[in-house]
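J.: For the sequence shown, my numbering assigns the number 1 to the initial residue and increments by one for each residue that follows. Even glycine gets a Cβ: it sits at the ideal position worked out from N, Cα and C. Small disclaimer: the values here were computed from a predicted structure and weren't measured.
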Amino acid sequence: MKNIIFKIAEKYLEFCEKNVLSKKDILYETAEKLELPIEKLKTGEEVVVKVQRPGIKKIIETDIHILHYLASLIEKHFPEIKYYEPTKMVEEFARTIRKELDFIREGRIIERFKKNFEGDKTVYFPKVYWEFTSPKVLTMEYIKGFKLSEIERQE
Numbered sequence: 001m002k003n004i005i006f007k008i009a010e011k012y013l014e015f016c017e018k019n020v021l022s023k024k025d026i027l028y029e030t031a032e033k034l035e036l037p038i039e040k041l042k043t044g045e046e047v048v049v050k051v052q053r054p055g056i057k058k059i060i061e062t063d064i065h066i067l068h069y070l071a072s073l074i075e076k077h078f079p080e081i082k083y084y085e086p087t088k089m090v091e092e093f094a095r096t097i098r099k100e101l102d103f104i105r106e107g108r109i110i111e112r113f114k115k116n117f118e119g120d121k122t123v124y125f126p127k128v129y130w131e132f133t134s135p136k137v138l139t140m141e142y143i144k145g146f147k148l149s150e151i152e153r154q155e
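(1) Can you check DSSP and say which residues form a bridge with K50?
(2) Between the Cα of K127 and the Cα atoms of P135, R108 and Q52, which residue gives the shortest distance?
(3) Which one or two residues does DSSP pair with V128 in a beta bridge?
(4) Hey, quick one: how far does the alpha helix (DSSP H) through G107 stretch, first residue to last?
(5) Go ahead and label T139 buried or exposed: buried means 16 or more other beta carbons lie within 10 angstroms of its beta carbon, across all protein chains shown.
(6) State yes or no: is the beta carbon of F78 nearer than 8 Å to at least one beta carbon in chain C?
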C-alpha cells in the first residue's frame, strides 16, 4: 500500500514541480493520509489535485471478472434468482465503474452541473483547470467548506 501511495505522490510531485509551489515533505505526508492535497498554482489560485491510483484499472477489471463469474454461478445453481439477472447487473456495474476511471469525463460532468445550476446561489461547483487535467489527473478549484457532520458546530 505504501508503494502505491508513493507512486501517486511521485506523479503528483511531477505536476507540482511544473505548475505548483509546493514542498516535498508536505506532499508525502498528505499522500500517506490519502487526502487530496491543496496546492497553489504559480498564478496564486488554490487547487485540489485528484490523481488516479496506479494499477487501479487492472484491479477493477479483475474484480469485475470475479463478480461476473459468481453471477453466472448463481444463475446456474439458483434458477429462482435468474429472474433478477445477476450477470446483467454485473455488466451494468462494469459499464458504470469504467466510466468513473476517466477524470476528463468527471471534469465535463462538473462543468455540465455548473451550467445547469447557473444562477442558483445555493449551489457551487469548482472550476476545472483543463490545462492540468488528464484521464488520470483532475485539477479543480479548492472550495473551502466544512463537512455536513459539522453543521451543528458551525451554528
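T.: Per the coordinate set shown:
(1) L138
(2) R108
(3) M140
(4) F103 to N116
(5) buried
(6) Looking at the structure shown, chain C is missing, and only one protein chain is on hand.
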